[in-house]
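Peer 1:
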Amino acid sequence: MRPFAYTRAKDAASAIKLLTENPNAKFLAGGTNLLDLMKEDVERPNALIDISGLGLSEIKTITTGANQGGISLGGLGKNTEAANHPLVRQQYPLLTQAILAGASGQIRNMATNGGNLLQRTRCPYFYEVSMPCNKRVPGSGCGAREGINRMHAIFGWSEQCVAVFPSDLAVALAALDAVITVRSANGQQRSIPIAEFYRLPGDEPQKDTNLPHGELITAIELPKNRFAEKSYYLKVRDRSSYAFALVSVAAALETEGNTIKQARIALGGVAHKPWRALKAEQMLVGKEATEANFKLAASAEMADAKPLAHNAFKVELGNRSIVLALQMALNGGKV
Amino acid sequence: MDENELPELTEDEKQLFADLMPEDLTEIMDTGVNRRHFLKLLTLAGGGLLAAQSAAAEHVLTRPFQEPAPSGIDPASLENAVNVTFKVNGMAHKVTVDSRMTVLDTLRERLNLTGSKKGCDHGQCGACTVIVNGSRVLSCLTLAASCEGKSVQTIEGLAQGNRLHPMQEAFLKHDGFQCGFCTPGQICSAVALLDEAKKGYASYVTANVRQSAGPVLLSREEIRERMSGNICRCGAYPNIVDAIQEVQSGKPVEQVFRSV
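Protein chains in written order, with my numbering: chain X, 1 to 335; chain R, 1001 to 1260.
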């Protein structure tokens, strides 16, 4: 690992100031992804600003503003605490399931909510510094485009990058229309809807998100919703635990009788960002909650997929996973 | 062989064992030491090595860690030195480390606590699992610098003198290992898991996460899911699950090697 200066930040303002002053500095929170990438020589910060002592871990009901009645998760709260908090388990079980589908018990105890959102792709060409990768070294090419791309994107990729975003938590947040609260150098807070937080690779795959250097995720806000009764996070992977998704589906339904009033579907493991299946959602509104309708919606969404050489299986897998996740959601999200 | 009899040890062997480790004999017999393990001990004893090793182990486990850092480490030579004060197994330590130093390397290279193992060094195997402020974490992905004021518990800190932690006893009883390399991490992970279950934490296989009650009794499926961060290349998983289930439930679980 390359040498770096280490600073324990005293408060959010000084942490942000330190980061803003140095374009090669990084925040250190849980460290589960960043330290691994530093060991691999993928990330090469010359300074780490340890923000793990700043607090910002509270989980509470939002009492004012646009998301009143929803809940707020501290940006530096641990994934384990978010997953197991009574408010989250009761009102946002989809989020609990998504967090618990990710990583291992140890890693969830370390990883923070904000850090989870900013983790990098696990594309092996990104991780292996002897390989070309436009995300790691812009302009060097994409090793995966013509290489082994079984785990890669089927939606929204570009010739420059076919990597997928690995978070499970973010997939649930996309389905739940979460809002990311960040604090910038001038001390101001601003809110970024999750749909605007992530981006597709395009010509700048080195950028995972639209968050500028120097801003700190202070909280994640979840608007109030009526999905708690009927939601489910399905994760399909090569082994049954502790593996990244081939395809994952966050599904949530609000029904009246057997009619769907509102549907939310987001996919993981298929794109450079959590993939909101808006086409499928729109097809379901006003329809009966039946397997036949679930299948129609799923195939409408997956019809737009553009698989690579080794991942055509993800299209059918996505189809079936959407249907299964909707059925599980309809049945109350119980395993 | 009658199941209740001591396993395949001659009276002479038992006597030798009793001489070498008087306090441990009954315990080891009860938890089912096998002949292979015993013979290994005998081989060591033959060269007088066992006694020496025990003395060294005793020293490592009991000495107060107030001695200076091992020679050859001059804080001034560190490029980005960080001072850290933290507790390991109840003992306070003040160390000066390179900012890059992980908790794992600090434990192993600076504090001579080599129980925690470096398996993959990338957070994929769980062999380095330790308990920090009550939570199981990966010491290979934790900087020592970030542990200021924290309390670390390692495999060396689980036993009370010669009295093993119930989880250690259960791993012995159920033969929850073969080569043993992943075992310290498995046991630390399992010990912290007991607390998580006591707090009612859910897992991805929990039937209904909305139903948050108190302490949960873990099924085998739950234990497997919750221990998935600890890889065992020898494949001792069924025995590891037996050991954890026995401690978690408080009810004896049959030893596989006795039932086959």
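All residues carry an ideal CB built from backbone N, CA and C; glycine is no exception.
Ile1174/R: buried (16+ other C-beta within 10 angstroms of its C-beta) or exposed?
Peer 2: It is worth fixing the name first, because residue 1174/R is His in this sequence and not Ile. Buried: at least 16 other Cβ atoms inside 10 Å.
Peer 1: Does DSSP put Gln1245/R in a helix, in a strand, or in coil?
Peer 2: Gln1245/R: helix per DSSP, three-state reduction.
Peer 1: Please report whether the beta-carbon of Lys1118/R lies at a distance below 9 Å from any beta-carbon of chain X.
Peer 2: So, not an interface residue.
Peer 1: Residues of chain X with CB under 8 Å from Asp1105/R, in chain order?
Peer 2: Per Cβ cutoff of 8 Å: no residues; Asp1105/R is ~11 Å from chain X at best.
Peer 1: Would Asn210/X be called buried (16 or more neighbouring beta carbons within 10 Å of its own) or exposed?
Peer 2: That one is exposed.
Peer 1: Near Asn24/X, which residues of its chain fall below 8 Å by C-beta distance, leaving aside the five closest residues on each side in sequence?
Peer 2: Hits under 8 Å: Arg44, Pro45, Asn46 and Ala47.
Peer 1: Where do the ends of the alpha helix (DSSP H) carrying Ile107/X lie?
Peer 2: From DSSP, the alpha helix (DSSP H) with Ile107/X extends over Gly105 to Met110.
Peer 1: With DSSP as the reference, label Phe27/X as helix, strand or coil.
Peer 2: Reduced to three states, the DSSP call for Phe27/X is strand.
Peer 1: Run through DSSP, which three-state label would Tyr242/X get?
Peer 2: DSSP places Tyr242/X in coil when its eight states are reduced to three.
Peer 1: Tell me, please, whether the CB atom of Gly228/X is closer than 9 Å to any CB atom in chain R?
Peer 2: Correcting the residue identity first, residue 228/X is Ala in this sequence and not Gly. Yes, because at least one Cβ of chain R sits closer than 9 Å to the Cβ of Ala228/X.
Peer 1: Between His1122/R and chain X, is the shortest Cβ-Cβ distance under 9 Å, so that the two count as touching?
Peer 2: So, interface residue.
Peer 1: Just mark His85/X as buried or exposed, buried being the case when its beta carbon has 16 or more other beta carbons within 10 Å.
Peer 2: Classification of His85/X: buried, given that the 10 Å Cβ count is 16 or more.
Peer 1: Is Leu1143/R closer than 9 Å to Arg1100/R when the C-beta atoms are compared?
Peer 2: Contact flag set, yes.
Peer 1: I'd like to know whether the C-beta atoms of Ala185/X and Ala252/X end up nearer to each other than 9 Å.
Peer 2: Not a contact, by the Cβ cut-off of 9 Å.
Peer 1: Between the alpha carbons of Leu326/X and Met283/X, how many angstroms are there, rounded?
Peer 2: Roughly 13 Å between the two C-alpha positions.
Peer 1: Would the region 1174-1183 of chain R count as touching the region 1248-1257 of chain R if we require 3 or more Cβ pairs under 8 Å?
Peer 2: Contact holds: three or more Cβ-Cβ distances are below 8 Å.
Peer 1: Count Cβ pairs between the region 1204-1222 of chain R and the region 75-91 of chain X that sit closer than 8 Å; are there 3 or more?
Peer 2: With the cut-off at 8 Å, the region 1204-1222 of chain R and the region 75-91 of chain X touch.
Peer 1: Taking only beta carbons into account, state which residues of the region 1204-1231 of chain R come closer than 9 Å to chain X, listed in chain order.
Peer 2: Under the 9 Å Cβ criterion, the region 1204-1231 of chain R contributes Tyr1204, Val1205, Thr1206, Ala1207, Asn1208, Val1209, Arg1210, Gln1211, Ser1212, Arg1224, Glu1225, Arg1226, Met1227, Ser1228, Gly1229, Asn1230 and Ile1231.
Peer 1: Per DSSP, Tyr232/X forms a beta bridge with which residues?
Peer 2: Paired residue(s): Ala251/X.
Peer 1: Is the beta carbon of Glu1156/R closer than 9 Å to that of Leu1113/R?
Peer 2: Yes, they are a contact pair.
Peer 1: List, in order along the chain, the chain R residues whose C-beta lies closer than 9 Å to that of Arg89/X?
Peer 2: Those within 9 Å of Arg89/X in chain R are Ala1202, Val1209, Arg1210, Gln1211 and Ser1212.
Peer 1: Indicate the three-state DSSP secondary structure (helix, strand or coil) for Val1097/R in the structure shown.
Peer 2: Looking at Val1097/R - three-state DSSP - the assignment turns out to be strand.
Peer 1: What three-state label does DSSP hand Thr1102/R in the structure shown?
Peer 2: Of the three classes helix, strand and coil, the one that applies to Thr1102/R here is strand, per DSSP.
Peer 1: Go to Ser1151/R, then tell me how far its beta strand (DSSP E) extends in each direction, as first and last residue.
Peer 2: Taken as a continuous stretch (DSSP letters only), the beta strand (DSSP E) holding Ser1151/R covers Ser1151 to Gln1153.
Peer 1: Which runs of the alpha helix (DSSP H) spanning at least 4 residues fall entirely within the region 1142-1230 of chain R, listed in chain order?
Peer 2: Correct list: 1166-1173, 1183-1198 and 1220-1226.
Peer 1: If you draw a straight line from the alpha carbon of Pro193/X to that of Thr218/X, how long is it in whole angstroms?
Peer 2: In a straight line, the C-alpha of Pro193/X is about 14 Å away from that of Thr218/X.
Peer 1: Output yes if chain X places a C-beta closer than 9 Å to the C-beta of Asp1242/R; else output no.
Peer 2: Not one chain X Cβ lies under 9 Å of Asp1242/R.
Peer 1: Any Cβ of chain X within less than 9 Å of the Cβ of Ala1236/R?
Peer 2: So, not an interface residue.
Peer 1: Any idea if Leu278/X is buried or exposed, counting beta-carbon neighbours within 10 angstroms, 16 or more meaning buried?
Peer 2: Exposed: under 16 other Cβ atoms inside 10 Å.
Peer 1: If you drop the 5 nearest sequence neighbours on each side, which residues of the same chain put their C-beta closer than 8 Å to that of Phe294/X?
Peer 2: The residues are Leu284, Ile322, Val323, Leu326 and Gln327.
Peer 1: Report yes or no: do the region 123-133 of chain X and the region 1216-1228 of chain R share at least 3 C-beta pairs separated by less than 8 Å?
Peer 2: No, the region 123-133 of chain X does not touch the region 1216-1228 of chain R.
Peer 1: Residues in the region 1134-1167 of chain R with C-beta within 8 Å of chain X's C-beta atoms, listed in sequence order?
Peer 2: Residues passing the 8 Å Cβ filter: Ser1135, Arg1136, Val1137, Leu1138, Leu1141, Thr1142, Leu1143, Ala1145, Ser1146 and Glu1148.
Peer 1: Along chain X, which residues have their Cβ under 8 Å away from the Cβ of Asn1112/R?
Peer 2: The contacting residues do not exist; Asn1112/R stays about 23 Å from chain X at best.
Peer 1: Using beta carbons (cut-off 9 Å, strictly below), is Arg8/X in contact with chain R?
Peer 2: With 9 Å as the cut-off, Arg8/X counts as an interface residue toward chain R.
Peer 1: Using only CA atoms, which one of Gly65/X, Lys287/X and Arg226/X lies nearest to Thr181/X?
Peer 2: Here the closest residue by C-alpha is Gly65/X.
Peer 1: Name the residue from Gly1126/R, Thr1102/R and Ile1131/R whose alpha carbon lies nearest to the alpha carbon of Val1191/R.
Peer 2: Here the closest residue by C-alpha is Ile1131/R.
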